[in-house]
Every structure is written in C-alpha cells, then in structure tokens.
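K.L.:
Numbering (the numbering used here), first residue to last: 10 to 293.
Pasting in a structure now, in structure tokens, and then I'll have a few things to ask.
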C-alpha cells in the first residue's frame, strides 16, 4: 500500500507528513491489522474507541506500540517525543491540552512492572545492557503474547527500536520550561527547577537489574510530561495517536530543530550585547 495515496488523516505539517489516527480508510486498515494480531489483549482497538471527529481514542503504551508495528509496514510510524514537542511549539499538535499522547516507554530503576522490565532487558542486544545507560526512553518496541507480568503481553525490541539514555528520569518530579532546546532534540527537558510545565518521574532505587522497572512515557492533558504512568494498559477516551511519515520526516524535524536552536542562540547573543552596552553606559 502506498502511503501517499492511501493516507486520509488530518494533515498537520506538510501533507501527508503528519496526521491523527482516525477511523478513515487508512486508519481502518491499520486498526484491522492491529486487532487481527492483538485480539483479546490490551493492545486491541475496540469499535467504540472513537472521538467526535472520528479520532481513535484510548491510547495506552501497548496499543501505541502495536499500532506502530503495523504502521511501519505502511510507510508511517507513531511520533517520537521530540516530534510532539515540535508540533506543540508550532501550535499544530491536535487537541493539545485536552488530549494525552503516549510517546513510548521508560526503563528505569523504579521496580515498577519488574518482571516485564527484566524480560525486556534480557531481550536487549548486549551493547544496550550497560546499566550506566539507564534510565532510558525506549521507542518503537513490539508487544508480544506472554505469561510474564499481569498484562498477557510483554515487550521486545525491533529493528526500529531506540533506547535513549535519559538521566533526568532519575531526578524527582519538577518543573521545566517549554522552550528548553533539548525538548526539540530528544523530547525531554535538560533540567528541572523552574517553568510552567511539570516533568513527572517515579522514585528510583539503586541501579541494579533487581530494581529494573518499566512504565509509559506520556504527554498529558495539561502538557505535562513524564514517566508517571506505570499502568501500561491504562487508557481513557482522551488518548490520541499521531502518525508521521517514516520517510524524510526525521530530516525535516532536525532542520526545524536546528533552526529553533539557531534563533534561540542569536537572541541570547543579542541580549548579551545589550546587557554589555548598558553596563558600559552605567560605567561598570
């Protein structure tokens, strides 16, 4: 199936690069395949998961990854954390502030869903098992049937998976600024302390395999961000999914991110020049 001829979702950036998952022609194809593969699990998509504008609702971590596994076969994927922040900065993220978006998983030392976390850890390539690389954000995992844990599903890496070290997940819940440049690079803030948005984290134990945990990474209704969602199958009607084109999109985001960073640095340099001029005029 050719993505450019089949994709009927709501365009967000450069058609057809961004769109919400909806109950349209393309969306129904994705949903049918998800339900065929994940029938009877918390990754399946019920017919009543439908918003007023035909959006697919009730996102959860397993469902996000299941949708992504099918979407990848059709030239699209779910958006990554940094892409959600760029769309938010562009004021193009659908229903921002009234919907939530699952963005991936967090592997940390919280001990949450411990058996599931250990199972996932054991499936990781050797080079990903260095505990110094944790906590991390895990993207594009795959749900698989399993008797491990409480969900009937476990997670495993794919050829598209990314593990991104994120030491900020070791800090306590705190505030951050929405114009933090790291948000546009990796989807997480570089520091906590001041700002108008909240970054949620789980209490961490000593770094050890015995303390491994896995939880969901989510952008919530209040535009807060974090790993406070330990219920990987939890969902409600406000959950949404956004697709991006799998081809060329990363380069476009990188260009946009670099432009933001360049403009921010130019502004900071200009402010420094103004401050220095004021100091000179004051005789300092």
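Where a beta carbon is used, it is the ideal one built from N, C-alpha and C, also for glycine.
Under three-state DSSP, which class holds residue 116?
P.N.:
Residue numbering aside, residue 116 sits at position 107 when the chain shown is read from its first letter. Looking at residue 116 - three-state DSSP - the assignment turns out to be strand.
K.L.:
Based on the DSSP output, what are the partners of residue 109 in its beta bridges?
P.N.:
Translated into positions along the chain shown, residue 109 becomes position 100. Note: residue 109 sits in a beta bridge opposite 248.
K.L.:
Which residues does DSSP pair with residue 235 in a beta bridge?
P.N.:
One-based indexing of the chain shown puts residue 235 at position 226. Residue 235 pairs with 209 and 227.
K.L.:
Shortest alpha-carbon distance to residue 152 belongs to which of 41, 69 and 250?
P.N.:
Residue mapping note: residue 152 aligns to position 143 of the chain shown, counting from 1. Out of 41, 69 and 250, 69 has the C-alpha closest to the C-alpha of residue 152.
K.L.:
Mind checking who residue 88 pairs with in its DSSP beta bridge?
P.N.:
Sequence index remark: in the chain shown, residue 88 carries index 79 (1-based). The partner list for residue 88 (beta bridge, DSSP) is empty, contrary to what the question assumes.
K.L.:
What separation, rounded to the nearest whole angstrom, lies between the Cα atoms of residue 189 and residue 90?
P.N.:
Taking the chain shown and counting its residues from 1, one reaches residue 189 at position 180. Taking the chain shown and counting its residues from 1, one reaches residue 90 at position 81. Each residue's alpha carbon lies about 14 Å from the other.
K.L.:
Could you say which of 108, 56, 158 and 201 lies nearest to residue 9 if we only look at CA atoms?
P.N.:
The structure shown does not extend to residue 9, since the chain is modelled only from 10 through 293, so no value can be given for it.
K.L.:
When burial is assigned at 16 or more other CB atoms within 10 Å of the CB, is residue 205 buried or exposed?
P.N.:
By one-based count along the chain shown, residue 205 stands at place 196. When all chains shown are included, residue 205 counts as exposed.
K.L.:
For residue 182, collect the residues of the same chain with a Cβ closer than 6 Å to its Cβ; drop the 5 residues on either side in sequence, then sort them by chain order.
P.N.:
Along the chain shown, one-based indexing puts residue 182 at 173. 209 and 210, listed in sequence order.
K.L.:
Under DSSP, the alpha helix (DSSP H) around residue 73 begins and ends at which residues?
P.N.:
Taking the chain shown and counting its residues from 1, the one referred to as residue 73 is at position 64. Here the alpha helix (DSSP H) through residue 73 covers 70-80.
K.L.:
Tell me whether residue 284 is buried or exposed, calling it buried when 16 or more other Cβ atoms sit within 10 Å of its Cβ.
P.N.:
Reading the chain shown from its first residue, position 275 is the one you call residue 284. Answer is exposed; the Cβ neighbour count stays below 16.
K.L.:
Nearest to residue 230 by CA position, among 193, 184 and 111, is which residue?
P.N.:
Your numbering for residue 230 matches position 221 in the chain shown. Answer by Cα proximity: 111.
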